[in-house]
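Going by the UniProt record's numbering, the first residue of the sequence shown is number 1, and it counts up by one from there.
Glycine is no exception: its CB is placed at the ideal position from the N, C-alpha and C atoms.
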Amino acid sequence: MQFTQEAWLNRTEFPLGIFEAKTGSVVGGTGINQINKAYRVGNIGYWVSTPHVGRGVARFAAKQAALLGFGELGLTRLEIITLTHNTASQRVAASLGASRECQARNRLYFQGAPHDAVVYSLVPKDSAGWSNMRDNA
Numbered sequence: 001m002q003f004t005q006e007a008w009l010n011r012t013e014f015p016l017g018i019f020e021a022k023t024g025s026v027v028g029g030t031g032i033n034q035i036n037k038a039y040r041v042g043n044i045g046y047w048v049s050t051p052h053v054g055r056g057v058a059r060f061a062a063k064q065a066a067l068l069g070f071g072e073l074g075l076t077r078l079e080i081i082t083l084t085h086n087t088a089s090q091r092v093a094a095s096l097g098a099s100r101e102c103q104a105r106n107r108l109y110f111q112g113a114p115h116d117a118v119v120y121s122l123v124p125k126d127s128a129g130w131s132n133m134r135d136n137a
């Protein structure tokens, strides 16, 4: 909790929890990190606990994080970077209208080793149709 508060106060990153509305239990997390203020670029990450996968939770949360990034933070580009085998995260990125830009070699360091990753991008105009997007979450 202290890390989250300090990150928000210092505006270095913006972690967000995803909570079940009825119980308040943690369902997952999202947020913006790896912010480059000079270039107005950041990274969106998200995760959802297994019982809540496939319900639109990640898309809803990532959309809210992106709106924060483009709105309050004034970012002009957000990247979603997924491991090449993480097709669920890639579907979330695609459902937001993110552009698949490349497969980058050794882009992520995960479980003690470098891995290739798929890089997606969102820019503010990609959010134009989001008000019509049906959210299941």
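Membership of R91 in the alpha helix (DSSP H) is indicated by the continuous run T87 to S95. Ranked by Cα distance from D126, the options G31, A94 and L9 are led by A94. Take the alpha-carbon of H115 and the one of A21: they are about 35 Å apart. Here R105 is exposed. Its C-beta has fewer than 16 other C-beta atoms within 10 Å. A check of alpha carbon separations from L75 across C102, N33, I18 and G112 identifies N33 as the nearest.
Secondary structure at S99: strand, using DSSP grouped into helix, strand and coil.
7 Å or more divides the Cβ of T82 from the Cβ of V57.
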